[in-house]
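FYI, the numbering for the sequence shown is 96 to 166, going by this note's numbering.
The beta-carbon is built from N, C-alpha and C at its ideal position, and this holds for glycine as well.
Contents: one structure, followed by commentary.
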Amino acid sequence: MRGFPLPGQQQQRLTAKQGHEACLRLARMLDRDLATWLERSSNVPMLLESRPDGRREKLRSPRIRISRSMR
Numbered sequence: 096m097r098g099f100p101l102p103g104q105q106q107q108r109l110t111a112k113q114g115h116e117a118c119l120r121l122a123r124m125l126d127r128d129l130a131t132w133l134e135r136s137s138n139v140p141m142l143l144e145s146r147p148d149g150r151r152e153k154l155r156s157p158r159i160r161i162s163r164s165m166r
């Protein structure tokens with residue numbers, strides 16, 4: 096799986112880790128206590144670290160597309 100799509104973002108996909116971070120960021124915008132509660136009670140960071148391909152996500156560099164005119 097190569098992440099999940101965001102509505103209206105065409106080909107851009109987020110990893111599970113990026114999605115979790117975005118969720119926490121939104122929670123902080125809505126309510127600081129909600130964000131604190133989510134951070135303390137969530138198992139997501141532990142699950143992301145324990146999954147078999149967790150290391151690849153950290154080491155993977157973003158793909159950079161070079162247009163033909165730049166080659």
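Taking 7 Å as the cut-off, decide whether the C-beta atoms of A122 and A130 are in contact.
-> By 1-based counting over the sequence shown, the position of residue 122 is 27. By 1-based counting over the sequence shown, the position of residue 130 is 35. Contact flag set, yes.
What residues in its chain sit with their C-beta under 6 Å from that of V139, if we drop five residues either side in the sequence?
-> Taking the first residue of the sequence shown as 1, we reach residue 139 at position 44. Excluding sequence neighbours, V139 sits near H115.
For R108, name the three-state secondary structure that DSSP assigns.
-> Residue 108 sits at position 13 when you count from the first residue of the sequence shown. DSSP places R108 in strand when its eight states are reduced to three.
Nearest-angstrom Cα distance between W132 and Q113?
-> For the purposes of this step, residue 132 is taken as the residue at position 37 of the sequence shown. For the purposes of this step, residue 113 is taken as the residue at position 18 of the sequence shown. Near 19 Å, if we compare the C-alpha coordinates of Q113 and W132.
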